[in-house]
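Undergrad: Numbering (UniProt numbering), first residue to last: 1 to 394.
Don't be surprised by glycine CBs; every beta carbon is placed ideally from N, CA and C.
Quick one: the structure is below, questions incoming.
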Amino acid sequence: MLNDMQLQLIKSTLGVLESAGPKLTAHFYQRLFHHHPELQHIFNMSNQKSGRQQVALFEAIAAYAKNIENVAVLVNAVERIAQKHTSMNIQAAHYAVVGMHLLATLEELAPEVFNTEVLAAWAAAYQILADIFIAREAQLYQERADANGGWQATRQFVVAEKIVESELVTSFVFTAKDERAVLAYLPGQYIGLQVRPTHSEYNEIRQYSLSQASNGKNYRISVKREQSPFVGVVSNYLHDEVNLGDEVSLYPPAGDFYWQDRASPVVLISAGVGITPMFAMLETLAKQGYGYEVSFLHACENQAQHSFASQSEALCQRLNAQRFTWYREGVTQLPIFSGQMELAPLASNLPLHDGHFYLCGPIGFMQAIFRQLIALGVVAEQIHYEVFGPHQGM
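Now the structure itself:
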């Protein structure tokens with residue numbers, strides 16, 4: 001535990017941290033990769049270019065400093081990050097390297113503030129947090145290695161199917177090269193995929209939501225070809241160059257976003273490729289014959305970009321579930337709505353008081369839906385969401 005003096009020293013640096021903002025973490029990553037270029041095989045360098053990872057790390061550091069006397073409030077954030085770390089095999093040794101460069105960054109940022117005493121306090125605080133992550137991640141690694149079909153680090157899989165789902169989305173079904181069983185997962189979780197694209201200097205690791213119910217036999221991901229604001233290095237490689245029979249390396253399934261059976265109504269809300277974890281949830285609910293009300297809401301650009309349209313319709317019919325769809329363009333007739341998703345007109349159809357709402361899609365879409373749900377009286381604890389990429393709040 002930190003002593004009172006250490007707590008006060010850390011809190012005294014909050015103003016400096018907040019004024020530095022993400023330039024603090026940008027400097028940290030620049031320093032880290034300069035001294036340890038091999039870590040570029042692990043980190044998503046596309047998120048480095050976009051600046052999203054720098055912002056996410058800064059927000060995590062600031063949140064820790066602000067809650068240094070009550071770290072328990074960060075339990076959800078810790079779980080989310082630990083799950084992500086296990087999808088790329090982060091190890092205890094990585095924390096020592098990161099800690100060293102984080103402290104050096106603080107000292108270089110403001111040497112007049114981060115003197116020897118203050119740095120010692122921050123070093124102690126960092127080690128406490130690192131130990132929390134190391135312990136949780138070790139637990140997750142062990143659980144997955146011991147489970148039926150489980151493993152740790154990478155395992156070789158073969159592309160068994162490649163299916164065009166819509167104008168921008170293609171599905172890939174992977175079977176284990178060793179032909180043994182594969183680890184079960186919860187609907188909504190993702191899997192870490194490692195490839196070496198043709199023109200990439202480094203291995204690339206990406207996390208993709210699993211887009212079918214767990215079956216113990218194979219995994220399916222459904223990947224959008226990303227063209228803007230940056231061309232997706234891995235998504236375009238998968239679409240253009242990965243074919244039947246090719247091998248990829250997969251990490252065990254992970255993630256803190258998944259459907260939980262709370263014996264209550266379920267509302268699945270998605271936009272674009274955010275439909276992928278929702279489809280896994282919908283298929284799971286249908287297979288189980290879920291006995292409570294289910295609603296499936298999806299928005300996308302147009303019919304050509306509507307992934308899993310016929311499959312989701314069939315599953316909704318099996319469940320006797322409500323299904324609502326929005327196209328931004330090209331709507332000719334109901335039951336397709338035109339424009340942005342608006343929930344107020346459907347309020348009487350939604351379980352606003354006892355339902356659990358699952359969101360996935362572009363961050364702006366989810367923030368808008370979150371605000372609409374709150375305005376309709378849904379409590380925040382009943383809203384669950386997944387951000388593709390570095391975390392952002394609602």
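Taking the beta strand (DSSP E) that LEU297 belongs to, which residues open and close that run?
TA: Indexing the sequence shown from 1 puts residue 297 at position 297. Start and end: 294-300.
Undergrad: Residue range of the beta strand (DSSP E) that GLU161 falls in?
TA: Here the question's residue 161 lines up with position 161 in the sequence shown. Element bounds for GLU161: 155-164.
Undergrad: Between PRO111 and SER209, is the Cβ-Cβ spacing less than 8 Å?
TA: Residue 111 sits at position 111 when you count from the first residue of the sequence shown. Residue 209 sits at position 209 when you count from the first residue of the sequence shown. No, they are not a contact pair.
Undergrad: Mind checking who LYS224 pairs with in its DSSP beta bridge?
TA: Counting from 1 along the sequence shown, the entry for residue 224 is found at position 224. DSSP, once it has assigned bridges, lists VAL169 as partnering LYS224.
Undergrad: Alpha carbon to alpha carbon, how far is THR175 from VAL378? Give it in angstroms, no decimals.
TA: To locate residue 378, count along the sequence shown from 1; it is residue 378. To locate residue 175, count along the sequence shown from 1; it is residue 175. When rounded, the distance between both Cα atoms is 41 Å.
Undergrad: Quick one: give me the first and last residue of the alpha helix (DSSP H) that VAL233 is part of.
TA: Stepping through the sequence shown from its first residue, residue 233 is reached at position 233. Start and end: 233-241.
Undergrad: Are the Cβ atoms of GLN212 and ALA160 separated by less than 8 Å?
TA: Counting from one through the sequence shown, the residue named residue 212 turns up at place 212. Counting from one through the sequence shown, the residue named residue 160 turns up at place 160. No.
Undergrad: Counting Cβ pairs, one atom from each stretch, are 3 or more of them under 8 Å apart for the region 136-143 and the region 154-168?
TA: These segments do not touch.
Undergrad: Below 8 Å on the Cβ atoms is my contact criterion, and I expect SER228 with VAL169 to pass it. Report the Cβ-Cβ distance as a whole number of Å.
TA: Here residue 228 is taken as the residue at index 228 of the sequence shown, counted from 1. Here residue 169 is taken as the residue at index 169 of the sequence shown, counted from 1. With a Cβ gap of about 16 Å, SER228 and VAL169 do not count as contacting.
Undergrad: Who are the Cβ neighbours of TYR385 in its own chain at under 6 Å, not counting the five residues just before and after it?
TA: Sequence index remark: in the sequence shown, residue 385 carries index 385 (1-based). Answer for TYR385: LEU359 and MET366, listed in chain order.
Undergrad: Report yes if the C-beta distance between GLU18 and ALA62 is below 8 Å; otherwise report no.
TA: Locating residue 18 in the sequence shown gives position 18, counting from the first residue. Locating residue 62 in the sequence shown gives position 62, counting from the first residue. Taking 8 Å as the Cβ cut-off, GLU18 and ALA62 qualify as a contacting pair.
Undergrad: How should VAL164 be labelled, buried or exposed, when 16 other C-beta atoms within 10 angstroms of its C-beta is the threshold for buried?
TA: By one-based count along the sequence shown, residue 164 stands at place 164. With fewer than 16 Cβ atoms within 10 Å of its Cβ, VAL164 is classed as exposed.
Undergrad: Would you kindly report the start and end of the unbroken beta strand (DSSP E) that includes TRP326?
TA: For the purposes of this step, residue 326 is taken as residue 326 along the sequence shown, with counting starting at 1. Segment 322-327, the beta strand (DSSP E) holding TRP326.
Undergrad: Could you check which residue in TRP259, ALA153, HIS298 and HIS353 has the C-alpha nearest to that of SER87?
TA: Counting from 1 along the sequence shown, the entry for residue 87 is found at position 87. When each option's Cα is compared against that of SER87, the closest is ALA153.
Undergrad: First and last residue of the alpha helix (DSSP H) that includes ILE42?
TA: On the sequence shown, residue 42 is found 42 positions in, with the first residue counted as 1. Per DSSP, ILE42 belongs to no alpha helix (DSSP H) and is neither H nor E.
Undergrad: Do you know how far the Cα of PRO253 is from the Cα of GLY192?
TA: Locating residue 192 in the sequence shown gives position 192, where the first residue counts as 1. Locating residue 253 in the sequence shown gives position 253, where the first residue counts as 1. If you take the alpha carbons of GLY192 and PRO253, they lie about 7 Å apart.
Undergrad: Distance check for MET5 and ALA120, CA to CA, integer angstroms please.
TA: As a working mapping, residue 120 is identified with position 120 in the sequence shown. As a working mapping, residue 5 is identified with position 5 in the sequence shown. Approximately 11 Å between the Cα atoms of the pair.
Undergrad: Give the single residue among GLU117, PRO345 and ARG262 whose Cα lies nearest to the Cα of ASN3.
TA: Position 3 of the sequence shown, counted from the start, is the residue given in the question as residue 3. Checked all of GLU117, PRO345 and ARG262; the closest Cα to ASN3 is GLU117.
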